[in-house]
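Asks:
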Amino acid sequence: MDSLAVVLLAVFSAGYLVLAGADVGVGMLLPWLGRDQRERRLVIASFAPFFLGNEVWLVAAAGLVAGAFPGLEHGLLEELYPLFAVLLFGWVVRDMGLWLRGRVDAAVWRGVWDAAIVAGSWALALAWGSVLGSVLAGGGLGVGSVAGLPLAVLFAWHGAGFVRWRLPVGLAERAGRVPSRYGLSALVMAGAPVVAGVQVEWSEVVAEGAGLTMTVVVTVVVLPLLLASQALVWWTFRGRVESPSYL
Numbered sequence: 295m296d297s298l299a300v301v302l303l304a305v306f307s308a309g310y311l312v313l314a315g316a317d318v319g320v321g322m323l324l325p326w327l328g329r330d331q332r333e334r335r336l337v338i339a340s341f342a343p344f345f346l347g348n349e350v351w352l353v354a355a356a357g358l359v360a361g362a363f364p365g366l367e368h369g370l371l372e373e374l375y376p377l378f379a380v381l382l383f384g385w386v387v388r389d390m391g392l393w394l395r396g397r398v399d400a401a402v403w404r405g406v407w408d409a410a411i412v413a414g415s416w417a418l419a420l421a422w423g424s425v426l427g428s429v430l431a432g433g434g435l436g437v438g439s440v441a442g443l444p445l446a447v448l449f450a451w452h453g454a455g456f457v458r459w460r461l462p463v464g465l466a467e468r469a470g471r472v473p474s475r476y477g478l479s480a481l482v483m484a485g486a487p488v489v490a491g492v493q494v495e496w497s498e499v500v501a502e503g504a505g506l507t508m509t510v511v512v513t514v515v516v517l518p519l520l521l522a523s524q525a526l527v528w529w530t531f532r533g534r535v536e537s538p539s540y541l
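Letter by letter, the sequence shown follows residues 295 to 541 of this note's numbering.
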């Protein structure tokens with residue numbers, strides 16, 4: 295059962311980094327991809343239908359860690375609490391920017407929330423890069439912070455690959471200046487948590503008894519539902535974006 299729990303955590307972690315990692319990367323590149331208000335609206339529209347569903351993967355992964363690997367949860371929060379504080383702050387700021395930027399038709403208002411999207415996206419990328427770097431290096435906060443910046447660049451690279459097939463041709467050509475392919479960057483993003491997981495002593499952090507069993511069973515039930523809903527959304531909004539979205 296514990297082996298199945300590890301596999302499930304790898305799936306949910308990889309799913310989050312592949313799907314939501316593209317959203318984060320696009321947000322990091324927003325000032326470069328969108329030179330004026332119309333272009334920025336199209337850039338945001340490229341991932342607007344997906345970002346809430348993508349975040350569900352993180353919620354599911356966090357629930358799995360809490361239920362199946364309490365030792366890992368305790369260790370990460372104890373050693374890397376500042377990074378998770380930055381991560382949560384960046385998540386809130388970025389999502390506030392996405393929801394609020396279109397609520398008032400004023401250039402200053404939109405500029406403030408566009409800046410929030412960019413700042414929140416960079417905070418998320420740096421925080422996740424530092425967390426992964428800490429786990430990979432087997433060190434604490436200092437080691438992870440050093441590794442955070444180069445790993446954060448992967449998010450921007452991944453986002454550039456994503457918008458190459460989502461944006462209109464002109465904007466896609468701008469993104470094409472970054473040598474990135476979404477399929478390749480997706481493999482790299484999916485591999486990051488798997489490689490980091492090799493460094494974890496799973497037998498020392500796994501739960502025991504009914505708690506582990508119940509967590510795994512619930513996760514197994516939820517996974518196909520999440521995959522089906524994600525596939526439906528991606529099929530519905532496939533193709534290039536030609537007009538702004540509700541955001």
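We put the beta carbon where it would ideally sit given N, CA and C, even for glycine.
So Q331 and R388 are supposed to be a Cβ contact under 8 Å. How far apart are they, rounded?
Replies: About 19 Å; that fails the 8 Å criterion.
Asks: In terms of alpha-carbon separation, which member of G533, V492, G505, F383 lies closest to V301?
Replies: Per the Cα distances, V492.
Asks: Report the residue from R460, A490, A450 whose alpha carbon sits nearest the alpha carbon of S473.
Replies: What sits at residue 473 in the sequence shown is Pro, not Ser. When only C-alpha atoms are compared, the closest one is A450.
Asks: At the level of alpha carbons, what is the spacing between E333 and P325?
Replies: Between E333 and P325, the C-alpha separation is close to 10 Å.
Asks: Using the Cα positions of L323 and A504, report the straight-line distance between them to the nearest angstrom.
Replies: Distance between the alpha carbons of L323 and A504 is about 45 Å.
Asks: Report the residue ranges of all alpha helix (DSSP H) runs contained in full by the stretch 493-518; include only those spanning at least 4 residues, in chain order.
Replies: List check, alpha helix (DSSP H) in window: 496-499.
Asks: What's the C-alpha gap between V305 and F344?
Replies: Each residue's alpha carbon lies about 18 Å from the other.
Asks: At what residue ranges does the stretch 309-376 contain a whole run of the alpha helix (DSSP H), taking only runs of 4 or more?
Replies: Qualifying alpha helix (DSSP H) stretches, in chain order: 324-327, 331-339, 345-362, 364-373.
Asks: So the alpha helix (DSSP H) L481 belongs to, where does it begin and stop?
Replies: It spans 476-491 - the alpha helix (DSSP H) in which L481 sits, taken as one unbroken run.
Asks: Skipping 5 residues on each side, what residues in its chain have a beta carbon closer than 6 Å to that of A480?
Replies: So the list reads V312, once near-sequence residues are dropped.
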